[in-house]
Every structure is written in structure tokens, then in C-alpha cells.
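In this note's numbering, the protein residues as written are 34 to 131.
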């Protein structure tokens with residue numbers, strides 16, 4: 034943490050280590066967010082009815098030839114039963130908290 038200067042919002046390390054799990058269910062666009070898992074299944078994999086959450090950012094595995102959208106706002110679906118070394122979560126500390 035804090036290896037580089039903060040961005041314009043004062044946030045550190047917003048991309049680079051792991052894709053960030055979010056609590057958002059995946060929808061085709063961020064303006065079309067489903068409210069529950071029912072709309073998050075991958076229609077290209079009808080035999081695998083695993084709901085998907087949004088992962089954001091990018092990871093240490095991203096390279097220019099692989100990740101075209103390597104940025105904090107990049108989002109993609111990830112099945113909720115996935116466990117990989119390049120997916121994690123962000124810890125936060127509220128201002129004034131010890």
C-alpha cells in the first residue's frame with residue numbers, strides 16, 4: 034500500500050495487484066444492474082448456472098497484449114465460486130478510525 038502517490042481523489046493503489054471483488058451483481062452494462070442473482074448467469078454457458086459478481090481493475094497477470102481495459106473502472110463478470118490468485122478485495126479504513 035502507498036507505493037505510489039495518490040490519484041486526484043487521494044486514493045492509493047487503485048489498480049495493479051489483483052482484480053477487485055465487488056458486491057455488485059454483474060449486468061451487461063453498469064446502467065443495467067440486476068438486483069439479485071437471477072439476471073447474472075452467463076447466457077453463453079447455459080449448463081453452468083453460477084451467478085456472477087463484478088470484478089474491477091486488473092491484476093498482476095495483465096499485460097498490454099491481454100488486458101485492453103487495464104484501469105480502475107474496468108469491469109468484468111466473475112462466477113461467485115471462483116478462487117484465483119489474481120482476484121481479491123480492497124480493505125478500507127474510514128477517516129478518523131484507528
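Where is the CB? At the ideal position from N, CA and C, for every residue including glycine. Remember, predicted model here, so these are calculated numbers, not experimental data.
Counting of Cβ neighbours within 10 angstroms places residue 128 among the exposed residues, the total staying below 16. Under the DSSP assignment, residue 87 falls in the beta strand (DSSP E) whose first and last residues are 85-90. Across the structure, residue 124 and residue 90 are spaced so that their CA atoms are roughly 15 Å apart. Shown here, residue 38 sits in coil according to DSSP, grouped into three states, outside any helix or strand. Just measuring C-alpha positions, the residue of 112, 119 and 126 sitting nearest residue 60 is 112. With at least 16 other beta carbons inside 10 angstroms of its own, residue 85 counts as buried. Of 37, 53 and 110, the smallest CA-CA separation from residue 46 is found for 37.
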